[in-house]
Amino acid sequence: MKALNTLRLAINTVRWNIVGNFADVEHDYDQASTTYDSYYGRYLGSITDQFAEKIPLKGHERILELAAGTGRLTSAVCKRLKPDAHLTAVDLSEGMLAVNKLKNSHTNGPRVDFWHGDALDAISERKAESLDAVLCAWGVCYFNHDTLRTQVERVLRPGGILAIIENRKCTLAEISALFEQLIVSQPRYLRKAIKINLPEDARYLTKKFCQGSLTHLNSWNGSLDIPYESAGEVREYMLKSGASAGFLDAIEPSSRDEFLYAFEQLVAAQKKRVPLTHQFSVLLAQKN
C-alpha cells in the first residue's frame, strides 16, 4: 500500500526476518486492472485530466510516459497531440497496459506505442536528447528518484518537459494506520516487505528533480476525499482501485481474506468516519 508507514514497517520487517523479499506490485496491478478505472480512475481521473492540461505541450512532441497504467493520462495527452506526435506508454503490469491499448490504439491522431516492462529500463534504452517530454502519473513511488532524474536529464532535449503527479507520504494516512495496526497485532499476516518511495510534498519533488539541467516551472500539492457509505466500500476501494498495490502481495495468501475482513471490521468499529483522502503533489520542470 503506497501510504504505509515505511519506517515502522522496515523495523518490523527486520524483526520478522523478511529483509530482501519484496512485494510484487505487478501482480497486484494485474489483479486490479479490470476494476482500476471504476475505482481509482473514477475519482482521481479528473485530477489526472487537470494535470494533463497543465503540461506545456505544443502538439508535436516525442513523449515517454512511465507507469502509464490503464491510460487515463495517455488519453488526455493524446487529445492535445497532432498526428505527427509520438507517445510511448510504458508499464510493468501487462494487465494495466492491455486496458491502455484498448483505449489508445488509434487509427488516426498521434502514434502511440506500448512497452511492457520496467520503466527505468525503458528510459535507459532511449538515446540522449531524443525526447521532448517524460511524464509519470501515480508511479514515481516505484522508482529510484536519483536514477530517474539522471535518465530524464539525459534523454530530454533542451526545452523538454518533465511532468510528475504522485501520492504523498501522508496520503490515506488514517487507512494506512489501520492496515498497520492489523499487521503489528498479527505479524503472521506479512510475508514480504513493501518498498515504496513516496514524496513528502511538492517541495521534495522540486528539490529532488530540479537539479543540474532541470529547472522548476510549477509545482503544487492537492487532495481529494473519496466518498463512501460503509466499511465494505472502503475495503472494495482499497482492493479494486490499485491503492493497495504491493501491499496485498505482501500479505500471506492463505490469510488475505481473513486480513481484509479484519480490516473492514476495524474500519466499521471506528467512532468517527475514517477519512479516505488522497494527498498528492505535482511537479512540472524543463530542461535548460
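Residue numbering for the sequence shown follows my numbering, beginning at 140 and increasing consecutively. Beta carbons are placed, not taken as given, at the ideal position from N, Cα and C, and that holds for glycine.
Look up residue i in the DSSP assignment and say whether it is helix, strand or coil.
i: T315; result: Note on identity: in this sequence residue 315 is Ser, with Thr being the wrong assignment. Correct three-state label for S315: helix.
i: H417; result: strand
i: G351; result: coil
i: E305; result: strand
i: L337; result: coil
i: A370; result: helix
i: I300; result: strand
i: N162; result: The question names Asn, yet the displayed sequence has Ala at residue 162. Three-state result, A162: coil.
i: T174; result: coil
i: T345; result: helix
i: T310; result: coil
i: I194; result: coil
i: Q325; result: coil
Classify residue i as buried or exposed, calling it buried when 16 or more other Cβ atoms lie within 10 Å of its own Cβ.
i: S324; result: exposed
i: G414; result: Position check: residue 414 holds Pro in this sequence, whereas Gly was assumed. Exposed, since its Cβ has fewer than 16 Cβ neighbours within 10 Å.
i: E305; result: buried
i: L378; result: buried
i: T187; result: buried
i: G298; result: exposed
i: R181; result: exposed
i: P222; result: exposed
i: P338; result: buried
i: Y400; result: exposed
i: D388; result: buried
i: E292; result: buried
i: V153; result: Confidence at V153 is low in this model, with a pLDDT of 37, below 50, so its placement is unreliable and the value that follows should be read with caution. Label assigned to V153: exposed.
i: K426; result: buried
i: G198; result: exposed
i: K266; result: exposed
i: L295; result: buried
i: P249; result: buried
i: S244; result: exposed
i: A384; result: buried
i: A408; result: exposed
Judging by CA-CA distance, which residue of the options is the nearest neighbour of residue i?
i: K347; options: D167, N306 and T289; result: T289
i: P392; options: D364, Y328 and A261; result: Y328
i: Q320; options: V406, S352 and A370; result: V406
i: N247; options: Q418, R330, K218 and W277; result: K218
i: N336; options: V273, K411 and W277; result: W277
i: Y367; options: A389, A191, T416 and S263; result: T416
i: T310; options: I365, L226 and V291; result: I365
i: A162; options: A382, A272 and K334; result: K334
i: V373; options: C349, H355, S394 and E313; result: E313
i: L422; options: A382, N357, E268 and E403; result: N357
i: L205; options: D340, A171, L259 and R412; result: L259
i: G234; options: T286, A171 and N243; result: A171
i: R342; options: Y178, N360 and G381; result: N360
i: S177; options: V164, I202, V238 and A191; result: V238
i: R211; options: T227, L203 and L183; result: L183
Can you check DSSP and say which residues form a bridge with residue i?
i: Q320; result: Q320 pairs with nothing; no bridge assigned.
i: K364; result: According to the sequence shown, residue 364 is Asp rather than Lys. Its beta-bridge partners are T416.
i: S358; result: L422
i: A332; result: F161
Any chance the CB of residue i is under 8 Å from a heavy atom of the ligand ATP?
i: C309; result: Ligands in the displayed structure: none, and consequently the ligand ATP is not present.
Counting only C-beta atoms, is residue i closer than 9 Å to chain B at any point?
i: F402; result: The structure shown has no chain B; it contains just one protein chain.
*Mind pulling the beta strand (DSSP E) runs of 3 or more residues that sit fully within the stretch 372-415?*
Here no run is fully enclosed.
_Runs of alpha helix (DSSP H) wholly within the stretch 256-297 (minimum 4 residues, chain order)_ = Qualifying alpha helix (DSSP H) stretches, in chain order: 258-263 and 284-294.
*asked:* What ranges does the alpha helix (DSSP H) occupy inside the stretch 196-264, keeping only unbroken runs of at least 4 residues that lie completely in it?
replied: Runs of the alpha helix (DSSP H) inside the stretch 196-264: 211-217, 233-243 and 258-263.
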